[in-house]
Amino acid sequence: MSISRIAFASLVLLVALTSRISFAANSVNCPYPKPVIFAGLNWESGMFTTEVLRYLLEKGYGCQTDALPGNTITMENALRHNDIQVSAEQWAGRSPVWRDAEKNGEVFSVGETVQGATEGWWVPEYVVKGDPEHGIEPMAPELKSVADLPRYKTLFSDPEEPSKGRFLNCPSGWTCELVNSQKLKAYALQDSFTNFRTGTGAALDTAISSAMRQRQPVLFYYWSPTPLMGRFKLIKLEEPPFSEASWATLSDQNNEHPIGGSSLPTKLTIGVSRSLNE
Numbered sequence: 027m028s029i030s031r032i033a034f035a036s037l038v039l040l041v042a043l044t045s046r047i048s049f050a051a052n053s054v055n056c057p058y059p060k061p062v063i064f065a066g067l068n069w070e071s072g073m074f075t076t077e078v079l080r081y082l083l084e085k086g087y088g089c090q091t092d093a094l095p096g097n098t099i100t101m102e103n104a105l106r107h108n109d110i111q112v113s114a115e116q117w118a119g120r121s122p123v124w125r126d127a128e129k130n131g132e133v134f135s136v137g138e139t140v141q142g143a144t145e146g147w148w149v150p151e152y153v154v155k156g157d158p159e160h161g162i163e164p165m166a167p168e169l170k171s172v173a174d175l176p177r178y179k180t181l182f183s184d185p186e187e188p189s190k191g192r193f194l195n196c197p198s199g200w201t202c203e204l205v206n207s208q209k210l211k212a213y214a215l216q217d218s219f220t221n222f223r224t225g226t227g228a229a230l231d232t233a234i235s236s237a238m239r240q241r242q243p244v245l246f247y248y249w250s251p252t253p254l255m256g257r258f259k260l261i262k263l264e265e266p267p268f269s270e271a272s273w274a275t276l277s278d279q280n281n282e283h284p285i286g287g288s289s290l291p292t293k294l295t296i297g298v299s300r301s302l303n304e
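For my numbering, count along the sequence shown from 1 and bump the result up by 26.
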């Protein structure tokens, strides 16, 4: 069966999203001569997509697969050097590593795994609107945007540094952690909020879920598609509109004067290495 590897990767995406066909592992020979190594993503949607694609490659194309754990930036570097061949959920164009590798033809985006994905800074709906069913009055009825946050630092008080509020950032090593850290600078929030980084995506989920089950105020970054976003009623804080100029400063961790603004519009794809494309 003759098929180019990029077409092979595209077909895998198509089948993963639309097909109900049952495959036999020995029906075809794997188009890739070595085990296909996946990025061991550690957030729910990424883990799900990874396992779906691994199953399809193994059962549908007779390929051997494995996964290599690591954070986002580590995995992007591994992909460009062909230490791994697939990242099942790639937030394309986000990091300097990915942009440089894509420009040099070292990595490729295949398809679009999810449409309508979003991200931002969030608070529970009961913080702004209250929750009459549970006897909760609005805690911050005028909180609408990131510009309002300094007034509410005591509401989101950090137990370890009570004079400041706590912002729950992404885990260290994720691209969103770097961007959010730049946003804290851009919005002049460093003096009023701590930049709290959880160790893993699961730890971030636990911190948010625990606070919300107890109806406590919590400020955090999050994204969709995720079960947590469907489980709770949340309000997204307004940010200045996206601009290329702003994004260039937010995605550069060495820029000392970042400009605030919404993040790059989300595009979730499958990332593949040059080796898989040749």
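Cβ atoms here follow ideal geometry from the backbone N, Cα and C, with glycine treated the same way.
Quick check on the burial criterion: 16 or more other C-beta atoms within 10 angstroms. Buried or exposed for residue i?
i      : result
LEU302 : buried
GLY256 : exposed
THR98  : buried
ARG239 : exposed
ASN206 : buried
PRO243 : buried
GLU304 : exposed
GLN216 : exposed
LEU94  : exposed
ALA35  : At ALA35 the pLDDT is 49, less than 50, meaning the model places this residue with poor confidence and gives no usable figure here.
GLU187 : exposed
TRP200 : buried
ALA51  : Below a pLDDT of 50, predicted positions are generally treated as unreliable, and ALA51, at 47, falls in that range; the measurement from the model is reported next regardless. It is exposed - the Cβ of ALA51 has fewer than 16 other Cβ atoms within 10 Å.
LYS209 : buried
GLN141 : exposed
Give the single residue among the options whose Cα lies nearest to the Cα of residue i.
i      : options                           : result
TRP117 : PRO284, TRP148, SER277 and GLU186 : SER277
VAL149 : GLU132, GLN111, SER198 and VAL172 : VAL172
ASN221 : SER236, PRO197 and ASP231         : PRO197
GLU265 : PHE258, LEU254, LEU290 and ASN281 : LEU290
TYR152 : TYR58, ARG241, TYR81 and PRO185   : ARG241
GLU168 : PRO122, TYR178 and GLY161         : TYR178
ASP126 : ARG106, MET165 and THR91          : ARG106
TYR213 : ASP157, ASP231, HIS160 and THR275 : THR275
TYR87  : THR100, PRO253, ALA166 and PRO57  : PRO57
Assuming residue i and residue j make a contact with CB atoms under 8 Å, what is their CB distance in whole Å?
i      : j      : result
LEU175 : ILE234 : Rounded, the Cβ-Cβ distance is 17 Å, inconsistent with contact.
GLY297 : SER269 : The Cβ separation is near 25 Å, so there is no contact.
ASN108 : ARG300 : 7 Å
THR76  : ALA114 : 4 Å
CYS89  : VAL123 : That pair is no contact at about 26 Å.
GLY66  : GLY96  : 7 Å
LEU245 : PHE182 : 5 Å
GLU84  : THR91  : 6 Å
LYS190 : PRO284 : Actually they do not touch by this definition, with Cβ atoms about 20 Å apart.
Which residues does DSSP list as the beta-bridge partners of residue i?
i      : result
GLN116 : THR295
GLU187 : ASP184
LEU260 : PRO150
TYR248 : GLY146
For the stretch 219-227 and the stretch 65-72, state whether three or more C-beta atom pairs, one from each stretch, are separated by less than 8 Å. yes
Can we say the stretch 136-145 touches the stretch 280-295, given the rule of at least three CB pairs closer than 8 Å? yes
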